[in-house]
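Every position in the sequence shown, counted from 1, becomes a number in the working numbering once 674 is added. Where is the CB? At the ideal position from N, CA and C, for every residue including glycine. From a predicted model like this one, the values you see are computed outputs, not experimental measurements. Remarks on the structure that follows.
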Amino acid sequence: MNYLAQDSIENPVLGPSLQTKTGVGFFQDLLPRMVGLAFLVGVLIFFFVMIMGAIQWITSGGDKAGIELARGKITNAIVGVVILLSLFALLKVLEDFFGINILALDIGPLMIQ
């Protein structure tokens, strides 16, 4: 068997750009990725809660309690996405004020700024 000798252990999840960094440089690259991932998860949760509320509304069959539950679910989804977008705007203002790049998301060939 032929094994390749390596000087260090590499984590394939981090990608090549984060594997070579240590300390402050690692966290400077990790923080924008985590913020971008959090926003992505928030938008996906909004989408699925909205779809579930719409399906619940359609299948309520005119039942007042079912419609109210569905309306509450849709209202909560809209309030959640408004809070998420407000947080995005606040981070953008802080980013411009302090001159740091918090909201850059770099996923391979896709660069979102």
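Specify, as a first and last residue, the run of the alpha helix (DSSP H) that residue i falls within.
i	result
Ile752	738-772
Look at the alpha carbon of residue i and the alpha carbon of residue j, and state the distance between them as a whole number of angstroms.
i	j	result
Leu705	Ala712	11 Å
Phe721	Ile732	17 Å
Lys738	Phe700	53 Å
Phe772	Gly740	48 Å
Gly746	Ser760	21 Å
Asp703	Glu769	15 Å
Asn742	Gln730	Note that residue 742 corresponds to Glu in the displayed sequence, not to Asn. So the two alpha carbons sit approximately 10 Å from each other.
Ala763	Arg707	17 Å
If you compare alpha carbons, which of the options is closest to residue i?
i	options	result
Val709	Asp770, Phe772, Lys766	Lys766
Val756	Gly735, Val717, Gln730	Val717
Leu758	Asn775, Met726, Val715	Val715
Ile719	Asp770, Gly754, Ile774	Gly754
I think residue i touches residue j, with their Cβ atoms under 8 Å apart; what is that distance to the nearest whole Å?
i	j	result
Met724	Ala751	4 Å
Cβ atoms of residue j and residue i: under 7 Å apart, would you say?
i	j	result
Gly727	Ile748	yes
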